[in-house]
Amino acid sequence: MEVAGGLVADTPGFSSLDFDHIEKEELRNYFVEMEQAAPLCKFRGCLHLKEPKCAVKAKVDTGEILNSRYDNYVQFLQEITDRKPRYPKND
Ligand SMILES: [Zn+2]
Numbered sequence: 002m003e004v005a006g007g008l009v010a011d012t013p014g015f016s017s018l019d020f021d022h023i024e025k026e027e028l029r030n031y032f033v034e035m036e037q038a039a040p041l042c043k044f045r046g047c048l049h050l051k052e053p054k055c056a057v058k059a060k061v062d063t064g065e066i067l068n069s070r071y072d073n074y075v076q077f078l079q080e081i082t083d084r085k086p087r088y089p090k091n092d
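Below is the structure:
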């Protein structure tokens with residue numbers, strides 16, 4: 002999969018297998034519009050799922066962030082979360 006400029010191509014159907022090597026914390030690098038909104042979230046480390054006062058969800062509501070992008074984000078986050086952990090991180 003080509004990743005240009007840190008943005009995943011906004012195409013439906015890119016395989017979740019491509020995300021096997023991506024950690025939850027790295028997912029934000031692929032969803033730049035959410036990363037940009039993240040500092041406005043109430044909570045540091047907000048994953049933009051069910052947290053209250055989430056700036057990302059607010060932008061999805063207003064259409065500033067595309068629903069499809071948010072759906073992709075949630076889906077990938079879920080798959081990464083469900084994935085069997087490999088090694089504990091040392092940092
Ligand atoms: Zn958030």
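Take the sequence shown: its position 43, counting from 1, is numbered 44 in our numbering, and each next residue is one higher.
From the three backbone atoms N, C-alpha and C, an ideal C-beta is built for every residue, glycine too.
Let's test the definition: count the other Cβ atoms within 10 Å of the Cβ of residue i and tell me whether it reaches 16, buried, or not, exposed.
i: E3; result: Its pLDDT being 48, under 50, E3 is placed unreliably in this model, and the value from its coordinates should be taken loosely. Under this definition E3 is an exposed residue.
i: F32; result: buried
i: L1; result: Lying outside 2 to 92, the shown extent of the chain, residue 1 is not represented and no answer is given.
i: L41; result: exposed
Do you know how far the Cα of residue j is from the Cα of residue i?
i: M35; j: R84; result: 22 Å
i: L28; j: Y74; result: 8 Å
i: S69; j: V61; result: 9 Å
i: S17; j: L48; result: For S17, the pLDDT reaches just 49, beneath the cut-off of 50, and the residue's location in the model is therefore unreliable, although a value from the coordinates is still provided. So the alpha carbons of these two residues sit roughly 19 Å apart.
From the options, pick the residue whose C-alpha is nearest to that of residue i; which is it?
i: Q76; options: Q37, L50, A59 and L41; result: L50
Compute the distance between the beta-carbons of residue i and residue j, then report whether it is under 7 Å.
i: K43; j: I81; result: no
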